[in-house]
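A.B. asks:
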Amino acid sequence: MPLISNEKRRRGIYILPNLFTTAALFAGFYAIVQAMNQRFEVAAVAIFVAMVLDGLDGRVARLTRTQSAFGAEYDSLSDMVSFGAAPALVVYEWALKDTGKFGWIAAFIYCAGAALRLARFNTNIDVVDKRFFQGLPSPAAAALVAGLVWVVTDLGLAGQDVRWLAGMLTIFAGVSMVSNVLFWSGKDINLRKSVPFIVVIALVMAFALVSSYPPGVLFGLFLVYAGSGYVVYAMRWMKQRRGGTGAAAPAPQAAGDAADEEDSASK
Numbered sequence: 001m002p003l004i005s006n007e008k009r010r011r012g013i014y015i016l017p018n019l020f021t022t023a024a025l026f027a028g029f030y031a032i033v034q035a036m037n038q039r040f041e042v043a044a045v046a047i048f049v050a051m052v053l054d055g056l057d058g059r060v061a062r063l064t065r066t067q068s069a070f071g072a073e074y075d076s077l078s079d080m081v082s083f084g085a086a087p088a089l090v091v092y093e094w095a096l097k098d099t100g101k102f103g104w105i106a107a108f109i110y111c112a113g114a115a116l117r118l119a120r121f122n123t124n125i126d127v128v129d130k131r132f133f134q135g136l137p138s139p140a141a142a143a144l145v146a147g148l149v150w151v152v153t154d155l156g157l158a159g160q161d162v163r164w165l166a167g168m169l170t171i172f173a174g175v176s177m178v179s180n181v182l183f184w185s186g187k188d189i190n191l192r193k194s195v196p197f198i199v200v201i202a203l204v205m206a207f208a209l210v211s212s213y214p215p216g217v218l219f220g221l222f223l224v225y226a227g228s229g230y231v232v233y234a235m236r237w238m239k240q241r242r243g244g245t246g247a248a249a250p251a252p253q254a255a256g257d258a259a260d261e262e263d264s265a266s267k
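Quick note: the sequence shown uses UniProt numbering, first residue 1, plus one each step.
In structure tokens:
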């Protein structure tokens, strides 16, 4: 008997969603190459491009009904490069390589945090509450690191000028990914539901705000998002300390939709 059946050998992979995943992987690899060439602003932008592409592959798979176990695994490996290794290496080359052991330890904490974050997500996909992420999602953590690089470089400063800030932010992002702090996932938003006209105006204003100064606005948004989980956690803890009922942690519920395995935003 052959080790692999002929049916499995003939089974192919879906091109469209995996094409987006490959593009995201390329953007992450491109960021590493540009950091090695001292083009840090380009490297930071490439990580943000990887975020956009990685956020599309799962949605494209659901729209075209091309979900697969291969796509889910490939997406996780791509995430590790684009949102784990790439930000760690970019920030190390940019600001941390002259700080001695602190620099490479900070970069490693981030890289290990991303790997552990993805592994925990893949093993808990069927038991977590879809409304929340357990720990900071790896794309948001990558946006923190890449956003700092982009903003500081755009201001004409060198990485050495903010090396300690960069190191602490890198450690914060790495630890946040493996924390038990809950972050809003946005999956309870129903895009097929009608909304008031004011919501459309708000979206237009949001796009205009981002386009006015992309480095600062994007970095600020992800910085607020990273802090929001800790603020809610502190408020919940204070309510419980005062003896109130408080908002208990969300009860686990089945993830249900198998396509969420390919949704990069949930990682």
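Idealized CB from N, CA, C, for every residue including glycine.
#1: Determine which residues share a DSSP beta bridge with residue 182 and list them.
#2: Whose C-alpha, out of 168, 109, 79, 156, is nearest the C-alpha of residue 138?
#3: Answer with buried or exposed for residue 37, where buried requires no fewer than 16 other C-beta atoms within 10 angstroms of its C-beta.
#4: Around the C-beta of residue 21, are 16 or more other C-beta atoms found within 10 angstroms, so that it is buried, or is it exposed?
#5: Relative to the C-alpha of residue 121, which candidate in 75, 16, 227 has its C-alpha closest?
#6: On the three-pair Cβ rule with 8 Å, is the segment 139-156 touching the segment 34-53?
#7: Please say whether residue 173 and residue 110 have beta carbons closer to each other than 8 Å?
#8: Would the beta-carbon of residue 51 fall within 8 Å of that of residue 114?
#9: With a threshold of 8 Å on Cβ separation, who are the neighbours of residue 316 within its own chain once the five nearest residues in sequence on each side are excluded?
#10: DSSP three-state label for residue 158, please.
#11: Suppose you measure from the CA of residue 19 to the CA of residue 199; what does that come to, to the nearest Å?
#12: Give me the Cα-Cα distance between residue 232 and residue 146, rounded to the nearest whole angstrom.
#13: Could you say if the segment 90-102 and the segment 52-61 meet the contact criterion of at least three C-beta pairs nearer than 8 Å?
#14: With distances taken Cα to Cα, identify the nearest neighbour of residue 104 among 193, 241, 117, 87.
#15: Relative to the C-alpha of residue 108, which residue among 197, 35, 180, 167 is closest?
#16: Could you please give the first and the last residue of the uninterrupted alpha helix (DSSP H) stretch that includes residue 240?
C.D. replies: Put simply:
#1: 134
#2: 79
#3: exposed
#4: buried
#5: 75
#6: yes
#7: yes
#8: no
#9: This structure does not reach residue 316, given that the chain is present from 1 up to 267, and the question cannot be answered.
#10: coil
#11: 32 Å
#12: 25 Å
#13: no
#14: 87
#15: 167
#16: 214-241
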